[in-house]
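Student: Numbered per the numbering used here, the sequence shown finishes at 175, counting up by one with no gaps. Attaching a single structure in structure tokens format; questions to follow.
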Amino acid sequence: SGTVTGGATPTLGTPDDARVWRVGSPGDGEAVDTLHKHPSANHAYGLDATALLPSGVTVASASVSQSRDSGSGGSLTLGTPQANASTFTNREAGTVAVGKGVLFTISGGAAPTDYRITVTITGSDGYSYPVSCRLQVRN
Numbered sequence: 037s038g039t040v041t042g043g044a045t046p047t048l049g050t051p052d053d054a055r056v057w058r059v060g061s062p063g064d065g066e067a068v069d070t071l072h073k074h075p076s077a078n079h080a081y082g083l084d085a086t087a088l089l090p091s092g093v094t095v096a097s098a099s100v101s102q103s104r105d106s107g108s109g110g111s112l113t114l115g116t117p118q119a120n121a122s123t124f125t126n127r128e129a130g131t132v133a134v135g136k137g138v139l140f141t142i143s144g145g146a147a148p149t150d151y152r153i154t155v156t157i158t159g160s161d162g163y164s165y166p167v168s169c170r171l172q173v174r175n
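Right under this line is the structure:
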């Protein structure tokens with residue numbers, strides 16, 4: 037796993053829908069989207085866990101970690117994850133309800149490197165829901 041750094045984040049706003057991973061179906065621990073960022077970019081990213089979490093279950097807390105799938109770039113800086121306190125839009129123009137998503141910032145990384153970010157959600161039911169997300173850093 038890579039280094040997780042919290043606290044050094046800009047004000048966490050609503051992510052652009054191009055920076056939102058989605059989980060395709062219940063029980064699927066893999067995000068269906070591969071997202072991209074420039075090495076100098078520092079943006080809010082989101083995970084839409086609507087399809088992952090059972091009905092009535094919301095995000096109680098979350099953690100993030102990283103590893104490299106390819107490339108020799110350095111670590112990303114991952115901001116402290118939080119449950120979404122307001123709705124946001126996913127890549128399919130769907131609305132992510134309050135408590136059904138996780139938001140955090142990502143900065144750094146080196147091009148060309150492919151990273152795997154694991155978001156582990158603890159649901160309001162006490163269960164863990166890990167999701168593997170792919171991020172490509174390119175110039």
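Glycine included, C-beta positions come from ideal geometry on N, C-alpha and C.
1) DSSP puts E66 in a beta bridge; with which residues?
2) List the whole-angstrom C-beta distance separating G145 from P75, where the pair is believed to meet the contact cut-off of C-beta under 8 Å.
3) Three-state secondary structure (DSSP) at R55?
4) Quick one: give me the first and last residue of the beta strand (DSSP E) that V134 is part of.
5) So N78 is in the beta strand (DSSP E); what residue range does that whole segment cover?
6) Could you have a look at G144 and say whether DSSP puts it in helix, strand or coil?
7) Taking just the CA atoms, how far does S160 sit from V56?
8) Pick from I157, H72 and L89: whose alpha carbon is nearest that of G60?
Tutor: Here's the rundown:
1) The residue given as residue 66 occupies position 30 in the sequence shown. Bridge partners of E66: S168.
2) Here residue 145 refers to the residue found at position 109 of the sequence shown. Here residue 75 refers to the residue found at position 39 of the sequence shown. Confirmed, Cβ separation roughly 5 Å.
3) Taking the first residue of the sequence shown as 1, we reach residue 55 at position 19. Helix, per DSSP.
4) Residue mapping note: residue 134 aligns to position 98 of the sequence shown, counting from 1. Taken as a continuous stretch (DSSP letters only), V134 belongs to no beta strand (DSSP E), as it is neither H nor E.
5) Mapped onto the sequence shown, residue 78 falls at position 42. Segment N78 to D84, the beta strand (DSSP E) holding N78.
6) The count along the sequence shown starts at 1 and reaches residue 144 at position 108. If DSSP states are grouped into helix, strand and coil, G144 belongs with the strands.
7) Residue 56 sits at position 20 when you count from the first residue of the sequence shown. Residue 160 sits at position 124 when you count from the first residue of the sequence shown. So the two alpha carbons sit approximately 22 Å from each other.
8) Start at 1 with the first residue of the sequence shown, and residue 60 comes out as number 24. If we check each option's Cα against that of G60, L89 comes out closest.
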